[in-house]
Each structure stands twice: as structure tokens, then as C-alpha cells.
Amino acid sequence: MKSAEPSLSLAQPHPEGVGILRRSGFALALAAVAYLLLAWAKLVPVNAIALTVTLSAIVIGVTVYAWDLYRNVPPGIKNNGVFTSSITNGGLWGWVAGIILTAFYVALYWFPETLGLGKDGSNTGIVALFDPLKRFFTGSNSTSQWFVYGTLYTVAIVSLGIKFMLKYRHNRYQLIRTSVVMVSQLFLAYLIPEILEGLTTGQAYFAKDIKNIWPLNYYFFYDWHLNGMLEGGALGRLFLIAGLVLFLIGTPILTYFLGKRWYCSWVCGCGGLAETAGDPYRQLSSKKVSAWKIERWMIHAVLVLVTIMTGATLYGYFSGQSEILGLSIYNYFQKPYGFLIGAAFSGVIGVGFYPVLGSRVWCRFGCPLAGYMGIIQRFKSRFRITTNGGQCISCGNCSTYCEMGIDVRAYAQKGQNIVRASCVGCGICAAVCPRGVLKLENGPEEGRINDNPISIGNDGIKLNGLS
Amino acid sequence: MNEPSASQPLVIIGNGIAGITCARHVRKRSPRPVVVISAETDHFFSRTALMYIYMGHMKYEHTKPYEDWFWVKNNITLVRKYVVRIDTEKRELHFDDETRMMYGDLVLATGSKSNFFGWPGQDLKGVQGLYSYPDLQRMEADTQGISRAVVVGGGLIGVEMVEMLHSRGIHVTFLVRESEFWRNVLPAEEAALISRHLREHGIDLRLNTELKELLPDAQGRVRAVVTSQGEEIACQFAGITVGVSPNTEMARQSGIACERGILVNEFFETEVPHVYAIGDCAQYRTPPPGRRAIEPLWYTGRFHGETLALTLTGKRTAYQPGPWFNSAKFFDIEYQTYGDVKANAAENEKAFYWEHAGGKMSFRAVFDAASQKLIGINVFGIRLRHEMFDQWLREGRTVSHAIEHLADANFDPEFYRTFEHEIARAFHTQTGITITPRPKSLLRIFKRPQYS
């Protein structure tokens, strides 16, 4: 016999209160982040134990928090309250988070000494906190702020990737995609390069993240980098050849068959962070047509700029000149690109503004590799998002949760396939659709773009050819 | 009565999916002035997305399928007023602010109203239906800080309201008249599947239960409902979702013939010249084959708008819907249907039903007992391709054909587990027919004949 009386706690089927487990997980992760901030302020001891505990606490804390958050609710879309919470709706807490992140990036790029970067192994602060780990990989205290960043970046993708997977545990596309992007970051971008670094100490440096392809990696053709690879023996030559082959052959072929998603939401580090740490902010991207107009110009302008800059760089490399047409290659090409695009755009704005502008600002407006693959995806690819006949109800979930700001609904409600240069194939539009309207798939090129769709189910219209 | 000149505007009352679709398609084909009148909102929004605003998945602005500049750019005039009367002789609208407007052609797309069946206490504060944007605003205001709610009526809007309230941590008791949720539309197994899922979410589901009355507190707000079993259930909010009816009052008072809805022929013409009705508010004098006289549905509203736009731009076109389809989502379980699946199979029909061991996925195919021709399918927890079933239903394919080619119709995201073989085995068990499912063929999916 059911009772209609309220507040029978045992019968209360709503475990809405936040339990001890979730509080503990949150507190643990928060404490770890606080420790990092205190280390930055040089207020706490920095040593191997502190680092191990801090990094473990982040991963464990986030996992416990997320596990408890999702374990009591059946698998499904978990977007309740996204636009009523100020941390995720671009409100006050979002701005606070954005400012802290931005401050970190400003320090990282332009004031690394404030993080504790010292000369010749005399690091202090948060950089010194990471010395033991760098020593573990390379045997020396050659920690730079980039090692700190790379480690924290990887920890963020792994811990928040676990959270993402718990959130989308009903969706195998999301589970597999996220596993791959986590593994890709942990191994290809972090562990393997660090191990290789340790094995090649004393040799000239070159970037050892094999998937970080030019033009995303804009310094690939810089003198010091080319020389680093050329002087780096078999390994260096492998990375040089791999870099060229991936750009010239691998990228077009894979993008033809799979769309640019093979890179942007499956492999790329920037994409990996956006899909995991950035997932709570995906809905903040602008869907206005005006934003799309800016996007088209901006991303292709960056692609042109990086090509000009690299052209000048290669001219300098092969001619031995430091100037081109009387302009210093460093001062007029490499330095402005590195400052404006490499640092300010991709780092400070790209990630620092996650909680305000959404998670894919860089990927959408700036990344030249995304621009290159976007052209292939738009004009010569088998990838599309198919819409399911007439089932769309124009609710807007797909557009709202598109991190790239694509107005997915505008296509879906017409029954038109989505073939857009910017789509990174994250698959969230299809996940949040309540009517099963969207499907990411690779198929024949023929009929991929259907500009004049007809609505299925209304025969009078078909017969009269309304378009 | 004089004939309208081209300069006299097409006026559409109602900016929902039917009215707006009509306006857009008229604009695509003609430069004639188009005016859309609504008292509800300034702009078109997706009514089906109201629940997501309440749940915090979206804000109101996200539910607008077109940016606000769209209407200016396309020269569609939006008027935020309430029409009180139509003077069909002078072809003139009277607004509640005493102003008037001439029309050349008039389209009534006034939608539905929530049903209330005269229960004692139905006008109390905290008692409402859910159809319009003002309904949502009222629900938002009246559910602040409450802990218990009752929703009456086991249909699509009812389950949406239940999910909305539940998302705010409000304990919901759900009164359903039928033996299972939506049993008047769904066959027993599917109705039970959703009922189970509602309980999994902690919904207090009361089956075979109706509302008797609503009890007030001292402030005139609902404090409890009394069920048909005489049980009193405490609550601070009661959602009444026992169906909708065409919103016809203004048309009726203006002398336009109505039964339950505004009566129209297959061209959506009322009996008054230059006056048309589409969407929820329209009632077919002669329903298209296999259809009900009133179809309050998003898709039909859209089809009506598309069809009438042809007529209004010189290409008189009868409404001719293809095979039926619909979809919904009940908490986490999606539902799609193609063709005609009745709550209880008809004499000449046979049904095949498969349910996944996890109890959250199912597939039903209804077919003609004699010819084996597919009549309709219901699917829960698996997505299927509309175009494929549309084609099979048109071609009169057999149920065996559908089971054999089910992989072609799968529309689940990549890497999802597929159940074609399990379904074929169940089909063999139930019918004795052995079918080897064919693997998915891109050729069949993407290069099928186009029906035109």
C-alpha cells in the first residue's frame, strides 16, 4: 500500500541531496587545485609527495564526484539546470572561472617567472612542484612552464574525460571517442614525448607529439625545429617524414573517409580538452549568422597567415637569409604570428574564455588545421550528418549544444543533411536530439548535399514541387 | 463581397508551427504582404521545447528556430495583438485594443487549448495545463520551492510535465486513467515498458486512477487532489494534461462553422470565402484515409502550412499526407512509430513484438494476417530511418522484408549495439518464419528510388 504522505524518508525516491561521497570528491579535487594555487603563491612545500598527492587527488576527486553524481540516475541526457546554474550559463561564476583561467594563461605565455620559472634548475613555486616528475622522465630539473602546463592539461583531459564518460555512459559513440581522445593525449601528446625526451637528452629539441601537425603546430618549419629533427637521427627523421606525410597525405585521406572528426574530436589535444574540460560550456557558443560570418573570414585568414608566415620561414631556411623583401622574417612573420595566434588566440582566448564564449572558440575561429580539413570536409568527403526524414520538431537542443555554433536545427527541420566545414563530429547533437533525427555517418558522396530537401510524409507537396 | 486585390495582405492568426510554416512558404513563392498575428509571443518558438526551458536545458531564445531579423528580412510582418472577432463580410479583424485590420485572405492557425472537465477546484492557483508560453511562465512561478506535485492524464504532455517537475527535485504523483501509461495509444507491452521506466525514475505512478476534485488551502491555492479511489494526495501544484481541444472560440463567435474544430475541406478552406484553417484548430470534414478528423501534432501542423501555402499562391493543392509517423521521448527512452500501430490489433492484423532483456528497447511490427504486408511499427530505445519505413510502407513490403533489411533502417549512432539478429530470432520463434538479416548496405540506404 503506497502512502500519499510526504516526507517518508525511506520511501523518498529522490536522492536529490548531495551525499557525503559527492562532497568528498568535490572537496578533494578542490583542495588539490587549491594546493596548486598555493604552490603558485609559494605558500606550501613543493616536493615529489606533494605533487603525487595533488595530481592523484584531482583524478580521484573528479572521478568520485562524477560517479556519485550520475550513479543514481538512469543513463540518459544530463542537461538539467545547465542554463540555470551560473557556472555554466555564462553567469557570475562562469566569469570568475574565466578570469582565473585567463590569468593562468597570461602568466603561462608571457610571465612564466611568476609561476616560478627560474634559470638553470633553480625553479620555485608551481614550476618547482613539477621538478620531481620532470626528473623522473628526463633525469634533470629542466622543468619549464610548458611541462607544468602539459601535465595539468593531461590530468584535466583524463579526469574530466572520466566524468564525461560517466555522463554519457549510454552512448557508445561518446564512450569510444572519449577513450581515444584520452589515450591520445596521455600517450601521444604526453608520455611518449616525455620518455623520448628523456632518451635524447643533450640533443637538439624538436616537438615529439606526432599528431601535432602543421599548421596547428606552426613552428614545425622553423629553422631550429627543422634542424632539431634533422640532427635528431632516425627519430628526428621519422618525425620530419611523419609530419609531412600526415599533412600532405594522411589528413586529406582520413578527412575524405571520416570527416575532420578523426582529428578534431578523436585525436587532437585542443579538441580533447574542449570535449572533456570544456563539455560543460559547449552550449555557450554563438549560433547567430553574424558569428558564422566572422568565423568564415577569421579561420581562413589564419590559414592564409600561417601559410605566408611559413613560406617566409622556409624561404629564409633555404636561402640562408633572415629577411624577405626587406622584412625581418622573425620580427615581421614569426613573432607576430606566435604572439597573436599561437599564444593570445589559441591559449588565452581559446581556453581562458571557455566559461564565457564556449569551448571551441579556437577550433572554430582560429585553428588553421581545422580550416584546412574543413575545406576538404565541405567539398570532398563522405562525412555528413543525416537528418531523419520529417521527424524534427525544431526544439533546438542540437543547435544549443553544438560547440561549433552550427545551427543544426536549421538543417534538421528542413530534412537537409548537415555538411559544414566547421563540424568536428563530436556527436552531441545526435545525442541530445529527443526524436532520433540526427546521425553522423560516412556514405557515398553522391546525394550527400541535398540543398532542396522535401519533407517526407506530405505527398501533396512532393507532387507539386514546393521548394 | 469584393474579391481581394493582391495588395491586401494574407493575415495569419497564430504564430505556431502551422501558421509560421504557411507564412514562410507563401513568402518563398510570392511577394504578397504577409502578416502574422499572435497574442502569445513576439516571435515563433518551438512549442515542443517548452519542457526544456523549464528543465534548464535551454533558454527561451534557443527555442526560436529563426533569429529575430529573419522576419524583417523576409518581409513578414509580426503583430502582437489579440483578435476578438472576424468580420467576414468586410474582411476585417477586430483586436482587443479596438483597432482593426483588413485582410485579403485569412488563415486561422489558433492551435489548441488544454482540456478541463469541470472538476471542483480546477480554477485554484497552482492548477494548470501546459500548452502555451504563458502556461510555462505560470508553471515556473507556481512551482518555486514546492516539494510535491500531481500530474493528471497519461499522455504526451502529461509525461513531459512529470519529467519537468521531477527535474527540479519535486516529488511527482502521476494519475493515469488507463491500466498503463498511454495505454489508449500504445499496445500493452510498450505501455508497460514506459510505466516501468517512470517508476525507475521514482515517479509515483497511479494507474487506473482519475481525478475527482482539487482541494484548496486558505489562500486559494491547491493543497491536495482527491482521486477516483477517494484517496487524498497532498500537493502544491497540479498539472492537468487530459488532452487538448481545438481553440475555436473566436472563429465560432465570428460565425465560421465549427464542430470540435474549425471545419475545413481538403484545401483547408472553411465555408467562408478567403478564410482558411490549419494546424491543431482545424477539423477535416472528410478526413484523409486512415486519419482522424483532428490531428493536433507538430508534423501535421507543418504539413498543413506547406500545403495551404501552395493554394494561397495560385496552386490549389489538396492535403495528401503519406504514411503516418510520430515520435516522442519518455524521460530517457525514445519512441518512434511509422505506419499504423493501434493500441489493440485489429481483426485482420497480426503483431510481432520483441523486447530487449534490459526492458528499455522494443520493436513491434504489425502486419496484415493474410498478405503479410507491413502495416506499422513501434520502436522504443532504437532509432530507425524514417525514409526507409516510408518507402517500405508505400511499396507494400512484407514484414519479412522489413526484418530482413532492418539494418538498413537502423539510425542509431555509430558503434551502437545492433539487434537485428536477435529480432530475427524472436520473429522466427513467434511466426515460424526464418529470416537471415542482411548486413547494412550503403547502396540500398543512399541510392533508393526517390518518390516524386
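From first to last, the protein sequence lines stand for chains A and B. Take any residue in the first sequence, count from 1 to its spot, add 1: that is its number in the working numbering. Take any residue in the second sequence, count from 1 to its spot, add 13: that is its number in the working numbering. Glycine included, C-beta positions come from ideal geometry on N, C-alpha and C. Just so we're clear, the structure is a prediction, and the values are computed from it rather than from any experiment.
- Query: Can you give the Cα-Cα distance for G199 (chain A) and G140 (chain A), rounded to whole angstroms?
  - Reply: 7 Å
- Backbone CA spacing between Y312 (chain B) and L397 (chain B) [nearest angstrom]: Between Y312 (chain B) and L397 (chain B), the C-alpha separation is close to 17 Å.
- Message: Looking at chain A, is there any beta carbon in it that lies within less than 8 Å of the beta carbon of K342 (chain B)?
- Response: yes
- Nearest-angstrom Cα distance between H184 (chain B) and C248 (chain B)? 9 Å
- Reduced DSSP secondary structure (H/G/I, E/B, other) of S20 (chain B): S20 (chain B) falls in the coil class under three-state DSSP.
- Task: Sort B:F424, B:S375, B:Y146 and B:R265 by Cα distance to A62 (chain B) and report the nearest one.
- Result: B:Y146
- For a contact meaning CB atoms closer than 8 Å, what does L455 (chain B) contact in chain A? By Cβ distance, chain A contributes G444 and P445.
- Which of the residues in the segment 62–82 of chain B, read from start to end, lie with their CB under 7 Å from any CB of chain A? A62, Y65, M68, G69, H70, M71, K72, H75, T76, P78 and E80
- Item | Delimiting residues of the alpha helix (DSSP H) encompassing D155 (chain B) | Y146 to D155
- Inter-residue spacing [alpha-carbon to alpha-carbon] between A12 (chain A) and E245 (chain B): Here A12 (chain A) scores only 34 on pLDDT, less than 50, and its place in the model should not be relied on; the value that follows carries that caveat. Distance between the alpha carbons of A12 (chain A) and E245 (chain B): 18 Å.
- Name, please, each residue of chain A whose Cβ falls closer than 8 Å to the Cβ of R396 (chain B). N389, G437 and K440
- Task: Starting from the beta carbon of A431 (chain A), find every residue of chain B whose beta carbon is closer than 7 Å, and list them in chain order.
- Result: P426
- Query: Should A264 (chain B) and L121 (chain B) be called a contact, given that it needs their Cβ atoms to be closer than 8 Å?
  - Reply: yes
- Task: For my contact list, K94 (chain B) and D110 (chain B) are in at a C-beta cut-off of 8 Å; report their separation, rounded to the angstrom.
- Result: 7 Å
- Item | Local conformation of L304 (chain A) per DSSP, three classes | helix
- Task: For chain B, find out if any of its Cβ atoms is closer than 8 Å to the Cβ of P7 (chain A); answer yes or no.
- Result: Note that P7 (chain A) scores a pLDDT of 38, beneath 50, so its modelled location is shaky; the value from the coordinates is reported in the next line. True, the Cβ-Cβ gap to chain B drops below 8 Å.
- On the three-state DSSP scale, how would you describe L167 (chain A)? helix
- Query: For S340 (chain B), which beta-bridge partners are listed by DSSP?
  - Reply: B:Q349
- Item | Same chain only: Cβ atoms within 7 Å of G29 (chain B), ignoring 5 sequence neighbours per side | Around G29 (chain B): R60, A122, G124, G292 and G314.
- Going along the chain, which residues of its own chain have a beta-carbon closer than 8 Å to the beta-carbon of R377 (chain B), five neighbours each way excluded? P200, E202, E203, V354, A364, F365, Y366, W367, I390, N391 and V392
- Query: Along chain B, in chain order, which residues have C-beta atoms closer than 8 Å to that of Y174 (chain A)?
  - Reply: In chain order: P426, E427, F428 and Y429.
- Cβ of V268 (chain A) less than 8 Å from any chain B Cβ? Taking Cβ atoms only, chain B never reaches closer than 8 Å to V268 (chain A), which makes this a no.
- Return the Cβ separation of V60 (chain A) and V156 (chain A) in integer angstroms, given the expectation that the two are a contact with Cβ distance under 8 Å. 6 Å
- Item | the segment 71–89 of chain B touching the segment 190–198 of chain B, judged by at least three CB pairs closer than 8 Å | Touching, no.
- Of all Cβ atoms in chain A, is any one closer than 8 Å to the Cβ of G335 (chain B)? Cβ-Cβ to chain A under 8 Å: yes for G335 (chain B).
- Message: Give me the chain B residues within the contact set of D460 (chain A), using Cβ-Cβ distance strictly less than 7 Å, ordered along the chain.
- Response: Within chain B, the residues near D460 (chain A) are Q333, P334 and G335.
- Can you pull the chain A residues whose beta carbon is under 7 Å from the beta carbon of H399 (chain B), in chain order? N389, G390, G391, Q392 and I457
- Does P75 (chain A) have its Cβ less than 8 Å from a Cβ in chain B? For P75 (chain A), the nearest beta carbon of chain B is closer than 8 Å to its own beta carbon.
- Item | Cβ neighbours of F105 (chain A) in the same chain (closer than 8 Å, five flanking residues each side left out) | G353
- Query: Of the residues B:H70, B:P309, B:R219 and B:Q266, which one's Cα is nearest the Cα of K126 (chain B)?
  - Reply: Shortest Cα-Cα distance from K126 (chain B) to any of B:H70, B:P309, B:R219 and B:Q266 involves B:P309.
- Item | Interface positions of the segment 295–324 of chain B facing chain A (Cβ-Cβ less than 8 Å), listed along the chain | W311, Y312, R315, F316, E319, T320, A322 and L323
- Message: Between N15 (chain B) and chain A, is any beta-carbon pair separated by less than 8 Å?
- Response: Note that N15 (chain B) scores a pLDDT of 46, beneath 50, so its modelled location is shaky; the value from the coordinates is reported in the next line. It does not: the Cβ of N15 (chain B) has no partner Cβ on chain A nearer than 8 Å.
- Since F338 (chain B) meets chain A, which of its residues come closer than 9 Å, beta carbon to beta carbon? Contact note: F338 (chain B) reaches chain A through G390, G391, Q392, I457 and G458, using a C-beta cutoff of 9 Å and chain order.
- Message: Taking 8 Å as the cut-off, does the segment 434–449 of chain A touch the segment 378–397 of chain A (at least 3 CB pairs, one atom from each stretch)?
- Response: yes
- Query: Of the choices B:E427, B:Y297 and B:E435, whose alpha-carbon is the least far from that of R1 (chain A)?
  - Reply: Since the first and last residues shown for chain A are 2 and 468, residue 1 (chain A) lies out of range.
- Query: Cβ atoms of Y332 (chain B) and G351 (chain A): under 8 Å apart, would you say?
  - Reply: no
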